[in-house]
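These protein sequence lines map, in sequence, to chains A and B. Last residue of the first sequence? That's 154 in the working numbering, and every number before it is there in order. Last residue of the second sequence? That's 154 in the working numbering, and every number before it is there in order.
Protein chains: 2
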Amino acid sequence: MFSKACEYGIKAMIYIAQQDGTRRVGLKQIAEATDSPVAFTAKILQTLVRDGVLVSIKGPSGGFNLSRDAEKINLAHIVKAIDGDEIFIGCGLGLEKCDGSRPCPVHFKFASVRDGLSAMLHSTTLKEMADGLDAGKVYLTH
Amino acid sequence: MFSKACEYGIKAMIYIAQQDGTRRVGLKQIAEATDSPVAFTAKILQTLVRDGVLVSIKGPSGGFNLSRDAEKINLAHIVKAIDGDEIFIGCGLGLEKCDGSRPCPVHFKFASVRDGLSAMLHSTTLKEMADGLDAGKVYLTH
DNA sequence: ATAATAAAGGATAAAAATATCCGAAATAAA
DNA sequence: TTTATTTCGGATATTTTTATCCTTTATTAT
Ligand code: FES
Ligand code: FES
Chain A
13 MFSKACEYGI
23 KAMIYIAQQD
33 GTRRVGLKQI
43 AEATDSPVAF
53 TAKILQTLVR
63 DGVLVSIKGP
73 SGGFNLSRDA
83 EKINLAHIVK
93 AIDGDEIFIG
103 CGLGLEKCDG
113 SRPCPVHFKF
123 ASVRDGLSAM
133 LHSTTLKEMA
143 DGLDAGKVYL
153 TH
Chain B
13 MFSKACEYGI
23 KAMIYIAQQD
33 GTRRVGLKQI
43 AEATDSPVAF
53 TAKILQTLVR
63 DGVLVSIKGP
73 SGGFNLSRDA
83 EKINLAHIVK
93 AIDGDEIFIG
103 CGLGLEKCDG
113 SRPCPVHFKF
123 ASVRDGLSAM
133 LHSTTLKEMA
143 DGLDAGKVYL
153 TH
């Protein structure tokens with residue numbers, strides 16, 4: 013469904029959101045908390061910094077924090093920054109583009125599922141996810 | 013969403029289903045009709061033959077046909093044969109397994125979308141897809 | 001029987017995704 | 001100012017996915 017990079021990215025962002033907004037979170041801490049490879053996570057966080065949804069500070073006591081409130085960042089934004097928008101608008105059978113005026117055989121059934129996924133990702137914020145973690149109802153690792 | 017192999021496999025199966033059940037369909041014809049690479053398509057069809065959902069016959073006038081009626085083959089079967097069942101049961105954030113008793117942050121929202129996709133794939137038959145093609149309402153290529 | 005045809009299967013090749021390593025740059029603390 | 005820390009960015013390595021090639025095997029038609 014999502015790439016590994018995207019899975020790591022979402023987990024990292026949820027973890028950062030869970031930490032107090034003022035406190036900075038370091039790469040190693042993030043990678044450990046999300047059970048993700050450190051160096052690969054670094055690359056993904058760089059992508060999110062370039063995208064502008066994440067802020068990084070170098071040096072001692074440096075680290076990462078969200079560029080805006082956790083309730084103002086949704087999962088769709090993160091997915092799009094890392095995996096692009098294929099999952100939101102792409103054809104289920106890989107046709108060049110999903111086009112209702114020249115639909116593939118699965119179009120009508122697939123597009124509604126895909127749009128449901130898109131709506132879910134757009135409406136789900138980091139705040140909700142972080143709150144679930146705080147409440148001990150959900151987990152970032154197995 | 014699906015692998016390229018799976019996209020090619022689904023398109024190939026729909027195309028084969030569209031052809032008269034008695035007539036055999038050759039590899040090159042399938043690859044051309046579905047705009048897929050010939051040799052790679054061959055590999056995927058081999059997988060489906062081994063799975064038992066497709067039958068192949070060698071030699072002149074050989075080719076492929078479905079092992080049973082097109083209305084008795086659903087898309088989920090094909091997807092599972094090629095991509096496995098990760099998409100049906102896997103965790104959205106890549107945790108080892110999706111486990112409602114130890115859910116990841118996206119579990120409750122993700123699982124319902126994923127289960128909707130699964131239901132769609134299970135309830136959609138090759139016959140429906142082939143009929144749409146016959147009616148000229150849908151297309152296998154862009 | 002022989003030749004032609006078509007899928008099977010094994011060996012590679014190419015491309016993309018995943019993952020690691022290390023020196024450079026920035027920053028804060030000593 | 002020096003040192004330690006931490007991210008950045010480029011290079012490289014590994015693994016998986018995608019794709020091709022070629023020989024073998026089965027089958028049909030001549
Ligand atoms: S054309 Fe294939 S999903 Fe829309
Ligand atoms: S545990 Fe992640 S989707 Fe169920």
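C-beta atoms are modelled at their ideal positions from N, C-alpha and C, and glycine is treated no differently.
Less than 8 Å between CB atoms is the rule here; does residue i satisfy it with respect to chain A?
i      : result
B:M25  : no
B:K84  : no
B:L105 : yes
B:K16  : yes
B:L57  : no
B:V65  : no
B:H154 : yes
B:T34  : no
B:T136 : yes
B:I115 : Before going further, note that residue 115 of chain B is Pro rather than Ile in the sequence given. Taking Cβ atoms only, chain A reaches closer than 8 Å to B:P115, which makes this a yes.
B:V50  : no
When the Cα atoms are used, what is the spatial distance from residue i to residue j?
i      : j      : result
B:Q30  : B:S15  : 23 Å
B:D143 : B:T46  : 16 Å
A:A88  : B:S68  : 43 Å
B:P72  : B:G21  : 23 Å
B:Q121 : B:P115 : Per the sequence shown, residue 121 of chain B should be read as Lys rather than Gln. Each residue's Cα considered, the two are about 11 Å apart.
B:Q58  : B:I94  : 10 Å
A:E108 : A:E98  : 10 Å
B:G74  : B:V61  : 14 Å
B:M13  : A:A123 : 12 Å
A:L39  : B:G106 : 20 Å
B:P49  : B:K92  : 21 Å
B:E83  : B:E140 : 7 Å
B:A17  : A:K70  : 43 Å
B:G102 : A:H154 : 13 Å
B:A43  : A:F100 : 27 Å
B:G96  : B:C110 : 15 Å
B:Q41  : B:L78  : 15 Å
B:T113 : B:G148 : Contrary to the premise, residue 113 of chain B reads as Ser rather than Thr in this sequence. Rounded to the nearest angstrom, the two C-alpha atoms are 47 Å apart.
A:D81  : B:E19  : 39 Å
A:I90  : B:I90  : 31 Å
B:D63  : A:G104 : 23 Å
From the beta carbon of residue i, is the nearest beta carbon of chain B less than 8 Å away?
i      : result
A:K92  : no
A:G128 : yes
A:E44  : no
A:K121 : yes
A:G144 : yes
A:L78  : no
A:Q99  : It should be pointed out that residue 99 of chain A corresponds to Ile in this sequence rather than to Gln. True, the Cβ-Cβ gap to chain B drops below 8 Å.
A:V125 : yes
A:I22  : yes
A:V37  : no
A:V61  : no
Is the distance from the Cβ of residue i to the Cβ of residue j below 8 Å?
i      : j      : result
B:L152 : B:L145 : yes
A:V150 : B:P117 : yes
B:G128 : A:V125 : yes
B:F76  : B:R36  : yes
B:N86  : B:H134 : yes
Would you check if there are 3 or more beta carbon pairs closer than 8 Å linking the stretch 53-60 of chain A to the stretch 18-37 of chain B? no
Only counting runs of 4 or more residues, tell me where the alpha helix (DSSP H) segments fall wholly within the stretch 33-92 of chain A, in order along the chain. 39-46, 50-63
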